[in-house]
Amino acid sequence: MSTRQRKIIVSTAALGCFVFALFWAGLPASSPFVVAVGTRMGSEALVFALSRGEPLPASQLRLVEMVGATALARALENEVVDAAILSLDEVLQMGDGGQPVRIALLLEQSRGADVLLAKEGITRIEDLRGRRIGVELRSVGHYLLHKALKSVEMDLGDVQLIPLTAREVPNALEDQVDALVVSEPDLRHVNLVKAIRLFDSSELEQPIVRVLAVREAVWAQHIEVIQKICARFFEVQPQMTSSDEEFMAFIARRTGLTPSDASGAIRRCGFLTREKMRQLAVGGRLETILASKRQEMIQAELLVGQREMLTPIEIDLWNHH
Amino acid sequence: MRFIHSLQFKLSLLVLVFGIALIGLGVVQQRQRDVERQVEVLRSDALGASARLAGISQHALRRDMPSMVDLALSYVAASRDLTLGVVTDQNNSILHVTDRQWVGQTLESSPLNFATLPSRESRSTMSSALVETPAEILSIAPFLMGDDMRGRGVVVLGYDKRNILSKAARRAMEDAIRFAVFLVGACLLLWLALNSLVTERVSLVLRQTDQAAGKELVPEPLEGKDEFATMSRAFFNSMRVRQDLWESQQPLWKLVDGLKDVFWSVSLGPDRNWYVNPAYETVWGRSLENIKRDRFDWLRAISKADRKRAIECFKALREGRAVDDLRLKVTTSNGPKRVLCRSFPVQGAHGDVISVAGLVMDVTEVHTVNRRLAEVSEQERRRMGWDLHDDLCQRLVGTLFKCNSMVTALKRNELTLPERLEQIAEEITETTQLARGLARGLAPVLQGGGGLEAAVEHLAMYLRKSFQVRCETALDPRLPPLQPESATHLYRIAQELATNAVKHGKATHIEILLWREDDDLQLQIRSNGEPFSGLNANLDKGAGMGMHMVRQRLEILGAQLTFSSASAEDPWNLAVCEVPIDEVAYDENSIEAMSGAETA
Chain A
3 MSTRQRKIIV STAALGCFVF ALFWAGLPAS SPFVVAVGTR MGSEALVFAL
53 SRGEPLPASQ LRLVEMVGAT ALARALENEV VDAAILSLDE VLQMGDGGQP
103 VRIALLLEQS RGADVLLAKE GITRIEDLRG RRIGVELRSV GHYLLHKALK
153 SVEMDLGDVQ LIPLTAREVP NALEDQVDAL VVSEPDLRHV NLVKAIRLFD
203 SSELEQPIVR VLAVREAVWA QHIEVIQKIC ARFFEVQPQM TSSDEEFMAF
253 IARRTGLTPS DASGAIRRCG FLTREKMRQL AVGGRLETIL ASKRQEMIQA
303 ELLVGQREML TPIEIDLWNH H
Chain B
859 MRFIHSLQFK LSLLVLVFGI ALIGLGVVQQ RQRDVERQVE VLRSDALGAS
909 ARLAGISQHA LRRDMPSMVD LALSYVAASR DLTLGVVTDQ NNSILHVTDR
959 QWVGQTLESS PLNFATLPSR ESRSTMSSAL VETPAEILSI APFLMGDDMR
1009 GRGVVVLGYD KRNILSKAAR RAMEDAIRFA VFLVGACLLL WLALNSLVTE
1059 RVSLVLRQTD QAAGKELVPE PLEGKDEFAT MSRAFFNSMR VRQDLWESQQ
1109 PLWKLVDGLK DVFWSVSLGP DRNWYVNPAY ETVWGRSLEN IKRDRFDWLR
1159 AISKADRKRA IECFKALREG RAVDDLRLKV TTSNGPKRVL CRSFPVQGAH
1209 GDVISVAGLV MDVTEVHTVN RRLAEVSEQE RRRMGWDLHD DLCQRLVGTL
1259 FKCNSMVTAL KRNELTLPER LEQIAEEITE TTQLARGLAR GLAPVLQGGG
1309 GLEAAVEHLA MYLRKSFQVR CETALDPRLP PLQPESATHL YRIAQELATN
1359 AVKHGKATHI EILLWREDDD LQLQIRSNGE PFSGLNANLD KGAGMGMHMV
1409 RQRLEILGAQ LTFSSASAED PWNLAVCEVP IDEVAYDENS IEAMSGAETA
């Protein structure tokens, strides 16, 4: 090797070292997979699944319990957490807001767990015109209210939206609002004696489905943990669908409900089995639901609609186990 | 030199090792500082969060707004370092918690059970507390609760320090890797710099040394102002002086190397340097390689009889004494030789003898010539003695007898007296001619006897008579008066060449010509026999002695002798002798010239 060739090689190696030193991103950070779980039944189901058996080490998985759907969405949007339990409409809002997510699990399909309640004296949705409606803005409740109003050819502009949650103000129906959008299990804390059920999620054409939504940016980094979470969820599926006593006791303890209330709440939450998930996904039904919801939300000005829907659904995860 | 032994490698490696050590030390220290800083931040955050949460709890619980506490807790739970956060009442019963499965449990049964005692203390003093273990930080903040605000709840937040430690370790490792790679790059550049500034320049200096040792032209010194340039310039100046000295000595050495005689020199210093020129092989008949192996190889060539004298001569030289010329007999592969050694001591600046040197001349030819001359002279004297004895003396004795007989006859008055006198006159005439012939043999060119022309004509008669060949002569009448010795030399040259042409060249026709051409005399011998150049002188066979004498005479006359062979244009083999007139003729105004002219 000539002297000139050796000098070129050494110079190139030195330059490579400097470039590496200056631009190297660093060692991969082994941060845990942080999942925000709320107070909805889908969250409780996931927490129950992860509490069974050998717990995943804190270096791999951390659950952050938050109150309120918007808190979960904001936490995911601000990248405080890596995943959150959201509804499909909240997932669309995430994508619309520039934070694409992937759906790892379909947890529950609401069968009346999300309700529009009115106080005594209001028996029709039409009677809500001009009234004050307590609703958590930019949440599934907001979407439900829109669908309820639309069913009687009304829209959100026909009512006064009061941002609040039933969990915060369980007696809001008594003196603060005329109607209230509330979901299980918070529904059980609301004084239902005089409340009138005007509309619920069972009446929707496109069901409310709560999912485990993961930020696109961290999907690959935590794929192994996500697979473990899915496996754990599928393992406890029989207990959830059969309303196993252990499961019921877990729900009752965490939600503060009585066993009968807990049972009633669970009944309204259709926990999805793996087969049901496959049916929804493989048959294209889930894409149809998403597309339909998107259009509706754009029309209702719940979405801006400038970005394409980027919500891939990881069917392979459900085939894994 | 192996690469790992080079200064370039060692320095670069040293810098790398030292740098890695410094980086390691720095990274460890940085990691420690990083951990301390992060833990301090965590402590501050923990205290702030617990205090904030205590305030919210006090306010929200007083107004029966427990969901607000849950909401506040959920934001605290977003911290990645938080393991568990609880809000307890005065009985340590968990009211709100970041993990709802602990709702209604006691603090003692939760993972924060080691906060039980500190929380009790905090309640009693109503002051925040920070409990720290190697792995965790507990922040405890009390608050008032109950309708009468007499109850004392506490907020306990547990933070895991291990995340901080692992992050600090990861950052330290990243810094270490980054700095180490940067250092490797810097060391590579250092290696390049050392290669350019040191290794290559050292190589240039070494190459200069080799070139100077090989007596090539001293290369120009390195440019620059560093130590290598300074060293190179100093070396250059030193080598230039040596080169100049060497160049100044070259003519001398070329002269010495070109000598036919042997020149030798031996240093008497501790280095014992010696020199002998290539003529040693020719004169001594032994190889220079032998003398390189054995400095006294030359001594073995000297005959035993002379060896002792040579050794004694050398000893005398070493002592600084002058010595006479030494004649030695040397045995060579070509036969014995005679050499003349002229040696002398060489004195140094302080007068001491630093070396001895000398010349050795091959005098074998001279010795042989002298011997042959002596032999020939002796032969000639013997011949003349015999001629005188056998012929002239006998004739004179015969004539004496006849004269005595005439005396007797006169006394007897015999009548045959006139006849006897005539016989005596004839014998005296023959004896006179014989004596004249002998004289001519000794002095062929006589001033009073017709000079060179007559001698050459006599030579032609001799050749015609003795060898039955045709021989003609032609001498230029305009020839100036010649000095007798020069004329004799010319005659002898002509005699030798013509005689050789007839005797050895088998010539049957010879012409001898002499004329003046400008400032030279041209003596030309023409022969129709073999070419003159083939008739080589050979001292051993005697005939060469004649040509040797011819060469001697040419040298005396300052003449040139050339031969040319017969060709298609000229059928004669020629021997042409050109003699400067100044060397052989009288000065025209000199007395000798005038007397010589009168004689002629």
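Protein chains in written order, with our numbering: chain A, 3 to 323; chain B, 859 to 1458.
All C-beta atoms, glycine included, are put in the ideal place defined by N, C-alpha and C.
Remember, predicted model here, so these are calculated numbers, not experimental data.
| task | State the Cα-Cα distance for the pair LEU94 (chain A) and VAL137 (chain A), rounded to the nearest angstrom. | result | Rounded to the nearest angstrom, the two C-alpha atoms are 19 Å apart.
| said: Between the alpha carbons of GLY114 (chain A) and SER203 (chain A), how many angstroms are there, rounded? | reply: Approximately 5 Å between the Cα atoms of the pair.
| Residues that PHE1040 (chain B) contacts on chain A, provided the C-beta gap is smaller than 7 Å | What PHE1040 (chain B) touches in chain A: CYS19, PHE20, ALA23.
| Can you name the residues of chain B whose CB is closer than 9 Å to the CB of LEU119 (chain A)? | Correct list: empty, because the minimum Cβ distance to chain B is about 18 Å.
| Taking Cβ-Cβ distances below 8 Å as the criterion, which residues of the stretch 119-145 of chain A are in contact with chain B? | From the stretch 119-145 of chain A, no residue has a Cβ closer than 8 Å to chain B.
| said: Run through the DSSP bridge pairs and tell me what GLU224 (chain A) is partnered with. | reply: Checking the sequence, you will find His at residue 224 (chain A) rather than Glu. Partner(s): none; HIS224 (chain A) has no beta bridge.
| task | With 8 Å as the limit, tell me which residues of the stretch 903-928 of chain B have their beta carbon closer than that to any beta carbon of chain A; keep them in chain order. | result | The residues in question are MET923, SER925, MET926, ASP928.
| Whose CA, out of A:ARG8, A:LYS278, A:LEU74, A:LEU58, lies closest to the CA of SER45 (chain A)? | For SER45 (chain A), the closest C-alpha among the options A:ARG8, A:LYS278, A:LEU74, A:LEU58 is that of A:LEU74.
| message | Against ARG1036 (chain B), what residues of chain A qualify as contacts under a CB-to-CB distance less than 9 Å, listed in chain order? | response | Within chain A, the residues near ARG1036 (chain B) are PHE22, ALA23, LEU24, TRP26, GLY28.
| task | Give a yes or no on whether the minimum CB-CB distance between HIS323 (chain A) and chain B is below 8 Å. | result | Annotation note: pLDDT 44 at HIS323 (chain A) (below 50); position unreliable, coordinate value reported separately. Output row for HIS323 (chain A): interface = no.
| message | Could you compute how far the alpha carbon of ARG140 (chain A) sits from the alpha carbon of SER980 (chain B)? | response | Spanning the two alpha carbons is a distance of roughly 41 Å.
| said: Using only the alpha-carbon positions, how far apart do ALA283 (chain A) and LYS295 (chain A) sit? | reply: Taking the Cα positions, ALA283 (chain A) is about 16 Å away from LYS295 (chain A).
| message | Quick check on ASN1431 (chain B): buried or exposed, where buried means 16 or more other Cβ atoms within 10 Å of its Cβ? | response | Buried, since its Cβ has 16 or more Cβ neighbours within 10 Å.
| field | Beta-carbon proximity of ILE1260 (chain B) to ARG1278 (chain B), cut-off 8 Å | value | According to the sequence shown, residue 1260 (chain B) is Lys rather than Ile. Yes, the Cβ-Cβ distance between LYS1260 (chain B) and ARG1278 (chain B) is below 8 Å.
| So LYS1162 (chain B) is in the alpha helix (DSSP H); what residue range does that whole segment cover? | Counting along the chain, the alpha helix (DSSP H) containing LYS1162 (chain B) begins and ends at 1162-1176.
| query | ARG891 (chain B): which of B:LEU1184, B:GLU1284, B:ALA1027, B:GLY1016 sits nearest, CA to CA? | reply | Of the listed residues, the one whose Cα sits closest to ARG891 (chain B) is B:ALA1027.
| request: Could you tell me whether any Cβ in chain B is nearer than 8 Å to the Cβ of ALA15 (chain A)? | output: Between ALA15 (chain A) and chain B, the shortest Cβ-Cβ separation is below 8 Å.
| said: Give the list of continuous alpha helix (DSSP H) stretches no shorter than 4 residues that lie fully inside the stretch 190-278 of chain A. | reply: The qualifying runs are 225-243, 247-257, 261-270.
| query | Just how far apart, CA to CA, sit VAL934 (chain B) and LEU1041 (chain B)? | reply | Whole-angstrom Cα-Cα distance: 43 Å.
| query | When you compare only the Cα positions, how much space is there between HIS148 (chain A) and MET299 (chain A)? | reply | Straight-line measurement puts the Cα of MET299 (chain A) at about 9 Å from the Cα of HIS148 (chain A).
| field | LEU1348 (chain B) versus THR1366 (chain B): straight-line alpha-carbon distance, rounded | value | Approximately 22 Å between the Cα atoms of the pair.
| field | Interface flag, TRP1122 (chain B) vs chain A, CB-CB below 8 Å | value | No, TRP1122 (chain B) lies away from the interface with chain A (no Cβ there is under 8 Å from its Cβ).
| query | Any C-beta of chain A sitting closer than 8 Å to the C-beta of SER932 (chain B)? | reply | Yes, SER932 (chain B) counts as interfacial toward chain A.
| message | Let me confirm a value: LEU1186 (chain B) is counted as buried when at least 16 other C-beta atoms fall within 10 Å, else exposed. Which label applies? | response | With 16 or more other Cβ atoms from the protein chains shown falling within 10 Å of its own Cβ, LEU1186 (chain B) counts as buried.
| said: For a test of the three-state rule: what should DSSP assign to MET984 (chain B), helix, strand or coil? | reply: MET984 (chain B): coil per DSSP, three-state reduction.
| task | Report yes or no: is there a C-beta of chain B within less than 8 Å of the C-beta of VAL238 (chain A)? | result | Chain B contact via Cβ: absent.
| field | Close-in-space but distant-in-sequence residues of the same chain around ASP1377 (chain B) (CB under 8 Å, 5 per side omitted) | value | Closer than 8 Å at Cβ, skipping near neighbours: PRO1438, ILE1439, ASP1440.
| request: Could you tell me whether the Cβ of GLN866 (chain B) comes closer than 8 Å to any Cβ of chain A? | output: Chain A contact via Cβ: absent.
| task | Reducing DSSP to helix, strand and coil, say where ASN1095 (chain B) ends up. | result | Assigned with DSSP and collapsed to three states, ASN1095 (chain B) falls in helix.
| Near-chain A residues of the stretch 939-970 of chain B (beta-carbon distance less than 8 Å), N- to C-terminal order | Against chain A - using a Cβ distance shorter than 8 Å - the residues of the stretch 939-970 of chain B are THR941, THR956, ASP957, ARG958, GLN959, VAL961, GLY962.
| query | Residues in its own chain within less than 8 Å of VAL1139 (chain B) by CB, not counting five upstream and five downstream? | reply | Looking at the sequence itself, residue 1139 (chain B) is Glu, so the reference to Val does not match. If the five residues before and after GLU1139 (chain B) are omitted, its C-beta is found closer than 8 Å to the C-beta atoms of SER1145, LEU1146, all from its own chain and listed in chain order.
| message | For ILE914 (chain B), count the other beta carbons within 10 Å of its own beta carbon; 16 or more makes it buried, fewer makes it exposed. Which is it? | response | With 16 or more other Cβ atoms from the protein chains shown falling within 10 Å of its own Cβ, ILE914 (chain B) counts as buried.
| request: Please check if any C-beta of chain B sits within less than 8 Å of the C-beta of GLY70 (chain A). | output: Yes, contact with chain B.
| query | Quick one: Cα of ASN1394 (chain B) to Cα of ARG1179 (chain B), how far? | reply | For ASN1394 (chain B), the predicted structure reports a pLDDT of 49, less than 50, and the residue's modelled location is therefore unreliable. A value from the coordinates is still provided. C-alpha separation (whole angstroms): 45 Å.
| request: For HIS144 (chain A), name the three-state secondary structure that DSSP assigns. | output: Assigned with DSSP and collapsed to three states, HIS144 (chain A) falls in helix.
| request: Counting only the same chain and skipping the five closest in sequence on each side, list residues whose C-beta sits under 6 Å from that of ALA1433 (chain B). | output: Shown here for ALA1433 (chain B): same chain residues with a beta carbon closer than 6 Å to its own, the five before and five after excluded, namely LEU1355, ILE1383, PHE1390, PHE1421 in chain order.
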